[in-house]
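For the sequence shown, counting from 1, position 112 maps to 112 in the UniProt record's numbering; every step adds exactly one.
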Amino acid sequence: MNDITKTLCPYCGVGCGLEVLPPAQRGKATKRDDLGNPIWQVRGDRSHPSSQGMVCVKGATIAESLDKDRLLYPMIRESLDRPFRRASWDEALDLIVTRLQAVQQQLGPQGICMYGSGQLQTEDYYIAQKLLKGFLKTNNFDSNSRLCMSSAVVGYQQSLGSDGPPCCYEDLEQTDFAFLIGTNAAECHPIAFNRLRKYHKRNPRVKMVVVDPRRTATAEAADLHLAIKPGTDIDLLNGIAYLLMQWGAIHAPFIDECTSHFPEFAQLISEYTPERVAQRCDIPLDSLEEVARYWAESEKTISLWSMGMNQSSEGTAKVRSLINLHLMTGTIGKPGCGPFSLTGQPNAMGGRESGGLSSLLPGYRSVKNPVHRAEVEAFWGLPPGQISPQPGYTAGEMVQALETGGIGLLWVVATNPVVSLPDLERAKAALARSPFTIVQDAYYPTETTEFAHVLLPAAQWGEKTGTMTNSERVVTLCQAFRPPKGEAKPDWEIFAEVARRLGFGDRFTYPNSAAVYAEYVQITQGRVCDLSGLSHELLADGPIQWPYGSLEKHFDPQPNREPNKRLYTHFRFPTPDGRARFGAYHSRGLAEPPDPDYPLVLTTGRLYGHWHTQTRTGRIEKIQQMYPQAFIEIHPRDALKLGVVENDWVDVQSRRGKSRFAVKVTKAIAPGTVFVPMHWGSLWAENAEANALTHSESCPDSSQPELKACAVQLSKV
Ligand code: SF4
């Protein structure tokens, strides 16, 4: 009997394939966690096209998190100052249905809000969209992807006509030049970065440039590290464009035939002279020229980015300014080329595809588009006009609506906003005002369960079968290998059960998740993210990259279903005129620049071993030992000014809050800037919350907050 289960690592968007084997090992003692539970064996899946058998420490240790601190049954309490009591599923779901109906009457559909997660499987996402946007008539479904990659989504939409990274991981091994900006991929996307690093090492002609205010592990591997001043990304990108224009290093036929809005862009960048850019970015002039030279001379250029670009009050403008360079040089839609957003979470891509942001509908559709709404209404059997044309609350607007009493029921699923939202004290105060909050999670406690009235136990990785899409559009079937712990249920089943109790029974009756998926993929037919040829049955034979439709593709025909790994290979884009669009943006800089009262820029980020708010990784001993405490990186010059040395403690104060960290003195961070990891919430340390300090100023286009930078002052404890 084959006792290997194929699945996917449920942490980051690299999407590494895993093989899971039962705990018992022939001839060896069974490995157990510190509670005595047998630990399933996990190894990389060599047949997975994205990861080829590689895994990082997070994937390798995932099974150790399966049994600890699990939420085992529903719990209820009347108010936040009362203890929880155990409840049956019937009691908890009846209470939720009663409250949903009451809120609908009192506040209308807008009073209901769900905040989900890139940890959800596509089937979970889809049923949540159908319930909220279709049947409860509210677009108030947003997810923690708002904090992660919504600027990439909007940047792709505005520049290329649709969301969807056009590249694939093979491009990392076929490029001449890799330009990494605002990404510490070595720690945050380690296996994708390994593929690039190995290729770069083997091929000295291949160049790698990393743009980051920190000298990260990623920067260490580069030929050139540009430690630009925080907030000057657009200056740099426009400065490179200026030099390409000056040198005539542009692809004129591509610009003429495949793009629009170039003249406005060319006019704007004429102001970005090298001297001005070098001075604003605080980098040597010859380094600017060197990186521009790589862009000019490479036939195959790939750019990679993640939070350093996206988490910004000008995140969309940054993304579009980067895409401009690919449009100028015609480096898109070809092997080794293209603008490649590294997605944060394992299924943020599946969430985007299934409509899991407050402005989206399934199949990369928009709630603002009347044709899209009509298509989805018809598909779900709803009367015309039922889906609201108004985008729902974004994560930031959800906080504001809680403050003003606009939300009567908040449903938080598979995420921990009480660590990850910006301006955390404000967010906590808003959550404390929520009249009725459901937290649906696999774990208890989390920082967010403190704010719940009802807790619903969710099945997690390994306990439910469903699909996830990784950064390179590869869809993997994540197969269950054990039953849910306690009374936990898959998230989609919980949503469907609530829908049935609300009276929508015949539209929410599915025998299993394969049936949910079979319905969902049909709504993607003919879209850029066409998944309509996929099924659980087909995916059980191995992962498949989209587009994979039952119709011929609009933009990338796939004769004989040969794998088509890239989008836009025919240089036609899903815009009304088929052309990609240049976007012309001046740099606005940081929303909160340093000043005499708050003289340092705080930047935040992630560490190799931890995942987001530690809900899983904080419970894995090996990872805890790697990072015994939160810390702050300070340049020796700033440390001297403050009179602090390694392992001293400092209080870090912003206009919104205060946290305390152990000092790490290092030249890896530029003078004037300090760095703290974002992983520590109140469950894991006292006063080490990075987001107690950050602000909620957001990108006007993507509503993604500027989690990457705020002004702080430091004092020695
Ligand atoms: Fe999991 Fe990401 Fe590590 Fe791969 S790189 S094993 S997906 S955390």
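Every residue, glycine too, gets a C-beta built ideally from N, C-alpha and C.
Annotated as proximal: G13 and M349, with beta-carbon spacing under 8 Å. In this structure, the CA atom of G406 is about 8 Å from the CA atom of Q400. The beta-carbon distance between R352 and V153, rounded to whole angstroms, is 6 Å. This is short enough to meet the 8 Å contact definition. For the ligand SF4, a non-hydrogen atom lies closer than 7 Å to the CB of I191.
Just measuring C-alpha positions, the residue of A29, Q52, P38 sitting nearest E19 is Q52.
Look at the beta carbons and you see the stretch 245-254 not touching the stretch 197-213: under three pairs across the two are nearer than 8 Å. The criterion of a C-beta distance shorter than 8 Å is not satisfied by D69 and R579.
In the three-state reduction of the DSSP assignment, S151 falls in the helix class, which pools H, G and I. Between A317 and Y627, the CB-CB gap reaches or exceeds 8 Å. By the C-beta density criterion, P594 is buried, having at least 16 other C-beta atoms within 10 angstroms. Of the candidates Q105, G155, Q157, Q105 places its Cα closest to the Cα of K137. Here A580 carries a strand assignment [DSSP, helix/strand/coil]. With contacts defined as CB atoms closer than 8 Å, T218 and T175 fail to qualify as a contacting pair. In this structure, DSSP gives S696 a state outside helix and strand, which the three-state scheme calls coil. In this structure, L322 places its C-beta atom within 8 Å of the C-beta atom of M309. Within 10 angstroms of the beta-carbon of A29 lie fewer than 16 other beta-carbons, which makes it exposed. Between R501 and the set D701, T467, R85, V97, the nearest pair of CA atoms involves V97. Classified as buried, V650 has 16 or more neighbouring CB atoms from the shown chains inside 10 Å of its CB. Fully contained in the stretch 606-663 are the following alpha helix (DSSP H) runs of length 4 or more, in chain order: 621-626, 636-642. By the C-beta criterion, the stretch 386-399 is judged to be in contact with the stretch 355-373, since at least 3 inter-stretch pairs fall below 8 Å. If you look at G589, you'll find it isn't in any beta strand (DSSP E); DSSP assigns it neither H nor E. Taking the Cα of T343 as reference, the smallest distance to any Cα among S698, Y11, L243, Y115 is reached at Y11. For T575 and L160, the gap between their C-alpha atoms comes out near 7 Å. Nearest neighbour of D491 by Cα position, chosen from S535, D441, S471, turns out to be D441. Ranked by Cα distance from R527, the first of D541, F573, A540 is F573. By the criterion of at least three beta-carbon pairs nearer than 8 Å, the stretch 535-547 is in contact with the stretch 463-475.
When DSSP states are grouped into helix, strand and coil, R146 belongs to the helix group.
In the three-state reduction of the DSSP assignment, K58 falls in the helix class, which pools H, G and I. Taking 7 Å as the cut-off, the C-beta of S51 counts as close to a heavy atom of the ligand SF4. Cα atoms of L107 and L93: separation of roughly 21 Å, rounded to the nearest angstrom. Per the Cβ contact rule, the stretch 71-87 is not in contact with the stretch 368-377 (fewer than 3 Cβ pairs under 8 Å). Setting aside the 5 residues that flank it on each side, G239 is surrounded in the same chain by Y272, P274, V277, L288, each with a C-beta closer than 7 Å to its C-beta; the list follows chain order.
Our two residues, N194 and H200, have alpha carbons roughly 10 Å apart in a direct line. I283 carries a coil assignment under DSSP once its states are collapsed to helix, strand and coil. A Cβ-Cβ distance of about 6 Å is found for the pair L600 and L714, placing them in contact under the 8 Å criterion. With respect to the 8 Å criterion, W380 and G134 are classified as neighbours on the basis of their beta carbons.
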